[in-house]
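My numbering puts the first residue of the sequence shown at 5, with every later residue one more than the last.
In what follows, a single structure is set out as structure tokens and then discussed.
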Amino acid sequence: MNEISVLSDVIQLMENVGFPVVVTLILLIRYEFRMERLEKLSKKLSDTINELRRDIS
Numbered sequence: 005m006n007e008i009s010v011l012s013d014v015i016q017l018m019e020n021v022g023f024p025v026v027v028t029l030i031l032l033i034r035y036e037f038r039m040e041r042l043e044k045l046s047k048k049l050s051d052t053i054n055e056l057r058r059d060i061s
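Okay, structure coming up:
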């Protein structure tokens, strides 16, 4: 999708449900992506710590 199409869709959504609802949806989507990234990084950190513990033992 190009940027104009996305912007048009967002404007249409605002007209239908209102600005606060659209902002809330955008923030929730961004939050979800950040949580997924944090989960992956946390798993990677945990694996690294466990690997270091095995090396020390």
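All C-beta atoms, glycine included, are put in the ideal place defined by N, C-alpha and C.
Q. Out of curiosity, what's the CA-to-CA distance linking Asn-54 and Glu-36?
A. 27 Å
Q: In the DSSP assignment, find the unbroken alpha helix (DSSP H) run with Asn-54 in it and report its ends.
A: 23-60
**Q.** Rounded separation between Leu-31 and Arg-57 - CA only
**A.** 38 Å
(Q) Which of the three DSSP states is assigned to Asn-20 in this structure? (A) helix
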